[in-house]
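Here is the structure we will look at.
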């Protein structure tokens, strides 16, 4: 007598049988896959939006360069605020690898839209003296009008930072501002300056004009230098002694681009937190899939008993329900990956960011989906495989 062998199910057969099981109750399948889709979409969108923001930040760093150094006065041994010498800018500019240097000096004078405004309502804006080379050092473009020059250095001419112009409601050159009890004429408005946010919130005037009309003492508050990129560390080491030979320990030197790099690191940490939230959503979706599969097994006892009676092995029944679980999770994962990528592109377009979705994000999300589908379907599949054909048909 020939040996009886159970029929074999190919991978294609498993997919067709699993898909047939899902088509029986499509609404339940869609709702179960929706939980997976939400979790995957959250994870892909979080990674995509974070990567888009980081790409813009790195592009901004590449454009602005990392060779800008910032020199400011520190504190004395007794905790008192010190001041840079009036000759500090010239001495710093004389350092060999320094390509260009510019300075600002805080006059302590607020700026107002008109002379009718309450003196206490400063809006966080102040007037700073600025050297002619400041703009070239910061590489900040002029949005409207012109920058300060030797001709306007001693006149009541003012250039507004981007934030200052917005808060004061100044949209064109030629308008008048009230500074230090006198009217000043706006000759320029700057574009945003990412490496010098204090300039964005300032009204900038010439050093001579600040001394004449605002009682400015001429001591620079901040000196910016553009340095040979290969000599940044060496220049950074000698700047304190160069800016203030008598008290180098009272001088602080920093690199503004480090703040942008730190912000990128902080964004990465925040992304990790949001990914955790997405993982929780994916876990909840996995529980939903497991619940759906358990109910499906209970409702389809007669089908399972009939298949076992017709010769289906436990392994084939187990494979059928595992295939259903994987298909359910896979459909949710694919839909979630597409939705997450679409959200990333839409957000990046809205915020004027370069849309960036790392290839590993959807690939990793789909891998996680299949893992969740396997875990969620394992118990229901084993339960279905252990059913006795007789008991299943009598249920």
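Residue numbers (the UniProt record's numbering): 1 to 395. Even for Gly, the Cβ is constructed at its ideal location relative to N, Cα and C.
- According to the DSSP secondary-structure assignment, residue 177 is paired through a beta bridge with 184.
- Two segments are said to touch when three or more pairs of C-beta atoms, one from each, lie closer than 8 Å; by this definition the stretch 187-207 touches the stretch 159-167.
- The way I'd put it, the stretch 276-294 does touch the stretch 25-33; three or more beta-carbon pairs between them come closer than 8 Å.
- Residue pairing from DSSP places residue 157 in a beta bridge opposite 185.
- Below 8 Å, enough C-beta pairs join the stretch 325-332 and the stretch 373-385 to call them touching: three or more.
- In the DSSP assignment, residue 70 is bridged to 224, 254.
- Straight-line spacing of the CA atoms in residue 315 and residue 332 works out to 26 Å.
- In the three-state DSSP reduction, residue 202 falls in the strand class (E or B).
- A contact is defined here as three or more CB-CB pairs under 8 Å, and the stretch 67-79 meets this definition with respect to the stretch 230-247.
- When C-beta atoms of the stretch 219-228 are compared with those of the stretch 95-111, three or more pairs fall below 8 Å, so the two segments count as touching.
- Around the C-beta of residue 245, fewer than 16 other C-beta atoms lie within 10 Å, and the residue is accordingly described as exposed.
- Residue 94 and residue 255 have their C-alpha atoms roughly 19 Å apart.
- Membership of residue 107 in the beta strand (DSSP E) is indicated by the continuous run 98-109.
- In the structure shown, the three-state DSSP call for residue 145 is strand.
- Closest in C-alpha terms to residue 77, from the list 247, 364, 85, comes 247.
- Taking residue 96 as reference, the option from 369, 229, 303 with the minimal CA-CA separation is 229.
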